[in-house]
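Trainee: Chain order of the listed sequences is H and E.
In this text, residue positions in the first sequence follow the working numbering: the first is 44, and each later residue adds one.
In this text, residue positions in the second sequence follow the working numbering: the first is 44, and each later residue adds one.
Don't be surprised by glycine CBs; every beta carbon is placed ideally from N, CA and C.
Keep in mind it's a predicted model, so treat the numbers as computed, not measured.
2 protein chains.
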Amino acid sequence: MENLLLINIAKHVDLSEEEKQIVLNQFETASFKNKEILLKPGQIGDWAYFVQQGIIRNYTIDENATEHVLSFASPGWWIADMYSFLAGKPSNSYIEVIDDAEVYIITKDKQEELYKLVPKTERFFRILIENSLIANQQRLVDKLSLSAEERYENFAKKYPEVKNCLPQKHIASYIGVTPEFFSKMKSKLLRNK
Amino acid sequence: MENLLLINIAKHVDLSEEEKQIVLNQFETASFKNKEILLKPGQIGDWAYFVQQGIIRNYTIDENATEHVLSFASPGWWIADMYSFLAGKPSNSYIEVIDDAEVYIITKDKQEELYKLVPKTERFFRILIENSLIANQQRLVDKLSLSAEERYENFAKKYPEVKNCLPQKHIASYIGVTPEFFSKMKSKLLRNK
DNA sequence: CGCGGGTTTGATGATGCTCAAGCCCGGTGG
DNA sequence: CCACCGGGCTTGAGCATCATCAAACCCGCG
């Protein structure tokens with residue numbers, strides 16, 4: 044059980060050795076450098092990434108030119124513009140590498156092929172969508188009911204490995220505060236313990 | 044094209060007359076009175092409602108005993124605890140009637156049967172999930188980037204028929220402010236035009 | 001060395017919350 | 001028919017949270 048992608052899939056469905064090979068064959072691999080933009084608004088992002096190395100983020104920019112991080116992906120996580128990937132329509136978000144990355148890529152077409160070759164993978168991807176929906180809903184409730192400090196705690200739990208290896212401003216954006224406020228909050232947390 | 048449910052489905056997939064009958068047969072119908080609770084946290088909500096008449100809401104209660112409305116459903120809308128329905132796990136939200144309602148109900152099991160009987164319905168329900176995910180993501184971005192007034196505008200656009208026929212405090216909860224603040228905001232909006 | 005992005009710090013201000021009181025209005029019982 | 005009750009809405013004062021703007025700082029990198 045060497046491969047991170049296969050480990051990830053094995054969390055939800057059991058595959059034989061042959062099936063594992065078929066699965067891997069549907070993916071491409073790629074390497075990207077820090078700051079590479081993998082998707083821009085207007086483009087159709089009909090593919091999904093599985094991160095092996097590095098960090099990738101998905102974010103939007105609102106009419107005030109403020110960024111909002113929708114999700115991070117560190118090794119072992121999936122990331123895509125869900126709207127574009129699912130509906131096949133032009134994206135309204137960015138996907139950007141924020142730490143040199145190695146990834147598996149699967150296109151929508153290859154995914155459909157895979158469903159035919161190994162039907163139980165459909166179950167796997169359905170669970171991914173469900174989890175994404177559930178996580179989004181929970182994040183909305185968190186934003187509605189928790190303070191910035193509590194949201195930061197939740198972030199730290201969700202992405203423990205990521206916490207210390209990316210620009211603070213991205214974390215601030217994820218929890219929904221300004222970099223300035225985040226800095227003050229963090230120094231207050233340090234003083235109080 | 045009499046039936047609201049069939050009209051709704053026809054937005055995404057074309058059905059023959061026979062197929063329409065098969066579809067309708069998988070649903071139950073029911074009537075509920077104002078204030079009836081259709082689902083509570085801990086219960087497994089492995090079914091979905093399609094509203095023909097009335098209004099239903101889905102909400103959670105956080106640790107401060109504050110309600111957060113996740114969604115409303117007026118005639119022509121679907122509503123369910125997505126987590127419970129998709130994952131088959133105990134819900135952590137309430138589904139409550141807030142205006143006497145007539146609904147179609149489909150259970151997860153009946154849905155699976157329907158997929159076998161009329162495969163293209165799977166496409167229809169997949170689109171529902173996608174839209175739900177997209178709407179949630181947009182709502183998160185709205186909460187992160189818009190003021191309460193702007194979020195109220197969005198609400199009014201999304202649920203025009205509902206705006207004037209339910210308690211204000213539910214609207215306040217949906218846009219994420221206190222009833223007091225919502226009241227002040229509304230009277231300010233009236234003064235300014 | 002100097003530049004530039006990220007972070008820190010401070011002063012000020014807006015947004016939205018809390019608590020408390022009063023009001024409106026439909027329903028219910030005497 | 002009226003009195004009263006209660007839930008929802010309104011209004012106000014004071015407050016907490018978080019944003020904005022501006023300046024200084026830090027530090028890796030050309």
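By how many angstroms is the C-alpha of Leu113 of chain E removed from the C-alpha of Gln86 of chain E?
Mentor: Approximately 18 Å between the Cα atoms of the pair.
Trainee: Straight-line CA distance for Ile149 of chain E to Gly97 of chain H?
Mentor: Ile149 of chain E and Gly97 of chain H: Cα-Cα distance of roughly 43 Å.
Trainee: Entirely within the stretch 49–115 of chain E and at least 3 residues each: give me those beta strand (DSSP E) ranges in chain order.
Mentor: Qualifying beta strand (DSSP E) stretches, in chain order: 71–75, 80–82, 90–104.
Trainee: To the nearest angstrom, how far is it from the Cα of Pro133 of chain E to the Cα of Leu81 of chain E?
Mentor: Taking the straight line joining both Cα atoms gives about 14 Å.
Trainee: With 8 Å as the C-beta to C-beta threshold (strictly closer), list the residues of the stretch 128–148 of chain H near chain E in chain order.
Mentor: Answer set for the stretch 128–148 of chain H: Leu129, Ala130.
Trainee: For the pair the stretch 170–185 of chain E and the stretch 62–77 of chain E, tell me if three or more CB-CB distances fall below 8 Å.
Mentor: In short, these stretches do not touch, since the Cβ pair count stays below three.
Trainee: I'd like to know if Arg182 of chain H contacts chain E, where contact means its C-beta is closer than 8 Å to some C-beta of that chain.
Mentor: True, the Cβ-Cβ gap to chain E drops below 8 Å.
Trainee: Can a CB atom of chain E be found closer than 8 Å to the CB of His213 of chain H?
Mentor: Cβ-Cβ to chain E under 8 Å: no for His213 of chain H.
Trainee: Would a check of beta-carbon distances place Thr221 of chain H closer than 8 Å to chain E?
Mentor: For Thr221 of chain H, the answer is no, since every Cβ of chain E falls outside 8 Å of its Cβ.
Trainee: Beta carbons nearer than 7 Å to chain E: which residues of the stretch 168–179 of chain H have them?
Mentor: From the stretch 168–179 of chain H, only Ile172, Glu173, Ser175, Leu176, Ile177, Asn179 have a Cβ closer than 7 Å to chain E.
Trainee: Just the chain H side, please: which residues come within less than 9 Å of Lys186 of chain E by C-beta, in chain order?
Mentor: Leu183, Lys186, Leu187, Gly219, listed in chain order.
Trainee: Which stretch, first to last residue, makes up the beta strand (DSSP E) that contains Glu139 of chain E?
Mentor: Start and end: 137–150.
Trainee: Between which residues of its own chain and Pro118 of chain H is the CB-CB distance below 7 Å, once the five residues before and five after are set aside?
Mentor: So the qualifying residues of the chain are Leu47, Val94, Gln95, Gln96.
Trainee: Determine the direct distance from the alpha carbon of Ile172 of chain E to that of Gly131 of chain E, and round the result to whole angstroms.
Mentor: Their Cα atoms are separated by approximately 15 Å.
Trainee: Within a Cβ cutoff of 7 Å, which residues of the same chain sit near Lys76 of chain H, ignoring the five residues on either side of it in sequence?
Mentor: The answer, listed in chain order, is Val140, Asp143.
Trainee: Hey, out of H:Cys208, H:Tyr217, H:Ile170, H:Phe225, whose CA is closest to Thr103 of chain H's CA?
Mentor: Closest by alpha carbon: H:Tyr217.
Trainee: Which residues does DSSP list as the beta-bridge partners of Trp121 of chain E?
Mentor: Answer is E:Phe93, bridged to Trp121 of chain E.
Trainee: Just the Cα atoms here: how many angstroms apart are Ala123 of chain H and Arg234 of chain E?
Mentor: Going from the Cα of Ala123 of chain H to the Cα of Arg234 of chain E covers about 45 Å.
Trainee: Flag this pair as yes or no: are the beta carbons of Val146 of chain E and Ala73 of chain E separated by less than 8 Å?
Mentor: Closer than 8 Å, so yes.
Trainee: Skipping 5 residues on each side, what residues in its chain have a beta carbon closer than 8 Å to that of Lys153 of chain E?
Mentor: Same-chain partners within the cutoff: Gln69, Phe70.
Trainee: Please report whether the beta-carbon of Leu113 of chain E lies at a distance below 8 Å from any beta-carbon of chain H.
Mentor: Output row for Leu113 of chain E: interface = yes.
Trainee: Given Arg194 of chain H, which residues of its chain have a CB within under 6 Å of its CB, disregarding the five upstream and five downstream residues?
Mentor: For Arg194 of chain H, where only same-chain residues beyond five positions count, the Cβ hits under 6 Å are Asp185, Ile218.
Trainee: Which class does Glu222 of chain H belong to by DSSP, given the choice of helix, strand or coil?
Mentor: One point to set straight first is that residue 222 of chain H is Pro, not Glu, in the sequence displayed. Helix.
Trainee: Find the nearest neighbour of Ser127 of chain H within the set H:Ile170, H:Asp89, H:Lys163, judged by alpha-carbon distance.
Mentor: Out of H:Ile170, H:Asp89, H:Lys163, H:Asp89 has the C-alpha closest to the C-alpha of Ser127 of chain H.
Trainee: Any beta carbon from chain E within less than 8 Å of Asp152 of chain H's own beta carbon?
Mentor: Judged by the 8 Å Cβ criterion, Asp152 of chain H is not in contact with chain E.
Trainee: Using a Cβ-Cβ distance cut-off of 8 Å, determine whether Asp105 of chain H contacts chain E.
Mentor: Yes, Asp105 of chain H counts as interfacial toward chain E.
Trainee: For Tyr92 of chain H, would you say it is in contact with chain E, using Cβ-to-Cβ distances shorter than 8 Å as the test?
Mentor: With 8 Å as the cut-off, Tyr92 of chain H does not count as an interface residue toward chain E.
Trainee: Hey, does Thr109 of chain H have any beta-carbon neighbour from chain E nearer than 8 Å?
Mentor: Closer than 8 Å: yes.
Trainee: If I follow the unbroken alpha helix (DSSP H) through Ser188 of chain H, where does it start and stop?
Mentor: Ser188 of chain H -> alpha helix (DSSP H) spans 163–188.
Trainee: Give the residues of chain H in contact with Met228 of chain E, contact being defined as C-beta atoms less than 7 Å apart.
Mentor: What Met228 of chain E touches in chain H: nothing, since even the nearest Cβ is about 16 Å away.
Trainee: Based on Cα-Cα distance, which residue from E:His55, E:Pro222, E:Ile99 lies nearest to Phe167 of chain E?
Mentor: Closest option to Phe167 of chain E, Cα to Cα, is E:His55.
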